[in-house]
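Data block below; observations after.
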Amino acid sequence: MKLLVQKRGELQAKQAELESIFKEARANGDGDLDLSKVKSLGDVSDVAKAEKIRELNDACGRIAEEVEKLATAQKADDDTRRRQALLGRVEDEVKHGDPTVPARREERASRKSFGELFVESKAYVEGGWKAKTEGKIDVELKTLFETAAGWAPESIRTGRVVDFATRPIQVIDTIPSGQTGQAAVVYMEETTFTNAAAELAEGGTFAESALALTQRTESVKKIATWLPITDEQLEDVAQARSYINGRLPFMLRQRLDAQILVGDGTGDNIEGLINRTGVQTQALGGDTVPDAIYKACTKVKVTGRSFPNAVYLHPNDWQGVRLLKTTDGAYIWGNPAEAGPMRIFGLTVVETDAITENTGLVADTMQCMLVERRGIDVRVSDSHSDFFINGKQAVRADVRVALAVWRPAGFCTVTGI
Numbered sequence: 411m412k413l414l415v416q417k418r419g420e421l422q423a424k425q426a427e428l429e430s431i432f433k434e435a436r437a438n439g440d441g442d443l444d445l446s447k448v449k450s451l452g453d454v455s456d457v458a459k460a461e462k463i464r465e466l467n468d469a470c471g472r473i474a475e476e477v478e479k480l481a482t483a484q485k486a487d488d489d490t491r492r493r494q495a496l497l498g499r500v501e502d503e504v505k506h507g508d509p510t511v512p513a514r515r516e517e518r519a520s521r522k523s524f525g526e527l528f529v530e531s532k533a534y535v536e537g538g539w540k541a542k543t544e545g546k547i548d549v550e551l552k553t554l555f556e557t558a559a560g561w562a563p564e565s566i567r568t569g570r571v572v573d574f575a576t577r578p579i580q581v582i583d584t585i586p587s588g589q590t591g592q593a594a595v596v597y598m599e600e601t602t603f604t605n606a607a608a609e610l611a612e613g614g615t616f617a618e619s620a621l622a623l624t625q626r627t628e629s630v631k632k633i634a635t636w637l638p639i640t641d642e643q644l645e646d647v648a649q650a651r652s653y654i655n656g657r658l659p660f661m662l663r664q665r666l667d668a669q670i671l672v673g674d675g676t677g678d679n680i681e682g683l684i685n686r687t688g689v690q691t692q693a694l695g696g697d698t699v700p701d702a703i704y705k706a707c708t709k710v711k712v713t714g715r716s717f718p719n720a721v722y723l724h725p726n727d728w729q730g731v732r733l734l735k736t737t738d739g740a741y742i743w744g745n746p747a748e749a750g751p752m753r754i755f756g757l758t759v760v761e762t763d764a765i766t767e768n769t770g771l772v773a774d775t776m777q778c779m780l781v782e783r784r785g786i787d788v789r790v791s792d793s794h795s796d797f798f799i800n801g802k803q804a805v806r807a808d809v810r811v812a813l814a815v816w817r818p819a820g821f822c823t824v825t826g827i
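Residue 411 is where the sequence shown starts when you use our numbering, and the numbers rise one by one after that.
The structure is reproduced here in structure tokens:
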């Protein structure tokens with residue numbers, strides 16, 4: 411106890427000394443610390459004075475830890491003494507007798523538990539409990555300790571964010587990609603190829619062949635979006651930053667995923683594969699879907715002089731193919747107990763609802779390229795509108811790409827599925 415008092419005195423003395431130094435340093439009254447005004451530390455440099463302040467502060471910390479330990483030990487000793495004193499009084503009551511003991515025992519005996527009140531109640535004694543009749547028990551209860559008046563159950567949120575159910579990225583990864591440093595992808599296409607090569611007799615005239623090239627240009631297009639967010643969300647919730655950094659790029663890629671197939675080319679839209687001039691078409695007519703797909707493959711091979719390697723189908727359209735049966739009920743594309751092949755005539759089937767339902771696309775993906783001028787760029791600024799004075803940030807993301815189609819005839823749509 412004496413040691414605890416002594417240490418508390420030392421702590422107070424160190425704290426007072428430190429406060430005195432700060433008061434000297436704040437003598438100019440403007441709140442700033444000017445160590446040159448501190449005279450109590452002697453005629454030493456400001457660096458030495460700062461070192462002395464650090465030493466005093468460290469000493470306060472060490473003494474405070476000692477005080478805490480001593481106070482904890484003192485409390486434990488006090489608790490032990492109180493328990494021993496209580497046990498001593500009980501022993502004295504038993505040994506020497508205490509006229510108040512029987513009264514206290516009688517008082518404790520008169521206070522019955524809820525269970526005792528229940529089994530002694532009329533509702534229980536007369537069989538009401540078993541007969542499921544209503545009974546009443548009077549229990550003195552001033553305030554019901556329930557959720558509304560007590561603690562609400564603690565529920566800690568998990569770190570998981572369940573993404574909105576939206577179309578996944580299904581097309582981009584199936585298309586070859588490249589890069590450019592220009593605002594457009596410019597290339598030459600051989601638009602005339604006349605091969606007059608033939609056998610020639612001695613002294614005969616050579617047949618003239620012809621070649622012609624046409625310049626093609628695919629302009630780089632931008633896909634962009636932005637999201638407003640408060641300063642507090644960005645500063646206080648680390649997960650918010652990673653969440654936005656993931657979702658905004660996903661939005662861009664999802665839009666690009668659809669533009670590759672169905673972009674109409676008007677304005678700033680990409681001209682997608684289906685809407686390209688020169689893309690071939692095969693109508694379903696009276697054929698089955700597999701037959702129409704194979705005829706489209708033939709057109710790509712013969713007219714497009716290409717080798718098809720993929721077919722893009724809406725899931726609802728592929729469902730009809732997957733469920734095709736023979737006349738005796740056998741599934742053509744595999745037993746329902748199996749996943750079944752995601753191929754048709756050797757072509758990889760790409761299921762995507764980015765493509766228009768009832769229209770498929772047979773493709774030689776090597777006849778096109780997704781060219782990046784710049785990858786996805788995410789930036790944050792408070793310069794938008796009144797965001798600066800309202801504590802908001804504008805998070806924007808964009809990407810610049812071009813879709814170059816080297817040979818449109820290497821693609822064939824299947825319509826009327």
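Even for Gly, the Cβ is constructed at its ideal location relative to N, Cα and C. On a predicted model such as this, the values are computed, not experimentally measured, just so you know.
Under a Cβ-count criterion, where at least 16 other Cβ atoms within 10 Å of its own Cβ denotes burial, should residue i be classed as buried or exposed?
i, result
"Pro586", "exposed"
"Ala689", "Reading off the sequence, residue 689 comes out as Val, not Ala. Buried, because 16 or more other Cβ atoms sit within 10 Å of the Cβ of Val689."
"Leu413", "exposed"
"Trp561", "exposed"
"Ser356", "Residue 356 is absent from the structure shown; the chain starts at 411 and stops at 827."
"Leu683", "buried"
"Glu681", "buried"
"Ile547", "Any reading at Ile547 is ruled out, since the residue's pLDDT is 49, under 50, leaving its predicted position unreliable."
"Asp774", "buried"
"Thr615", "exposed"
"Ala764", "buried"
"Val581", "buried"
"Asp727", "buried"
"Pro746", "exposed"
"Gln664", "buried"
"Gln669", "buried"
"Leu662", "buried"
"Phe821", "buried"
"Ile754", "buried"
"Leu610", "exposed"
"Arg783", "buried"
"Pro563", "exposed"
"Thr737", "exposed"
Just to confirm, is the Cβ distance from residue i to residue j under 7 Å?
i, j, result
"Val731", "Val699", "yes"
"Leu757", "Leu780", "no"
"Val772", "Val710", "yes"
"Thr830", "Lys802", "As displayed, the chain neither begins before 411 nor continues past 827, which places residue 830 out of reach and without an answer."
"Ala594", "Val571", "no"
"Ala469", "Lys424", "yes"
"Val596", "Thr568", "no"
"Ala819", "Gly739", "no"
"Thr769", "Thr708", "no"
"Thr584", "Val760", "yes"
"Leu666", "Ile633", "yes"
"Pro659", "Ile579", "no"
"Trp743", "Gln777", "no"
"Thr590", "Leu621", "no"
"Gly826", "Ala693", "yes"
"Leu637", "Met598", "no"
"Ala608", "Glu618", "no"
"Glu767", "His794", "no"
Report the partner residues of residue i according to the DSSP bridge assignment.
i, result
"Asp674", "Glu681"
"Val477", "Bridge partners of Val477: none, in fact."
"Phe603", "Leu621"
"Cys707", "DSSP output for Cys707 lists no bridge partner at all."
"Tyr597", "Arg626"
"Ile636", "Here residue 636 is Trp; the residue named in the question, Ile, does not match the sequence. Bridge partners of Trp636: Arg806."
"Cys778", "Val815"
"Lys631", "Val811"
"Gln580", "According to DSSP, Gln580 bridges with nothing at all."
"Gly588", "Val781"
"Thr691", "Thr823"
Does the structure place the region 452 to 464 close enough to the region 414 to 421 that three or more beta carbon pairs sit under 8 Å? no
Do three or more CB pairs link the region 672 to 682 to the region 787 to 799 at distances below 8 Å? no
Closer than 8 Å is the cut-off here; do at least three beta carbon pairs connect the region 651 to 670 with the region 807 to 822? yes
At 4 residues or longer, and completely inside the region 748 to 775: list those alpha helix (DSSP H) runs for me, N to C. none
Alpha helix (DSSP H) segments (min. 4 residues) lying fully within the region 694 to 743: 699 to 712, 725 to 732
Runs of alpha helix (DSSP H) wholly within the region 782 to 824 (minimum 4 residues, chain order): 797 to 800
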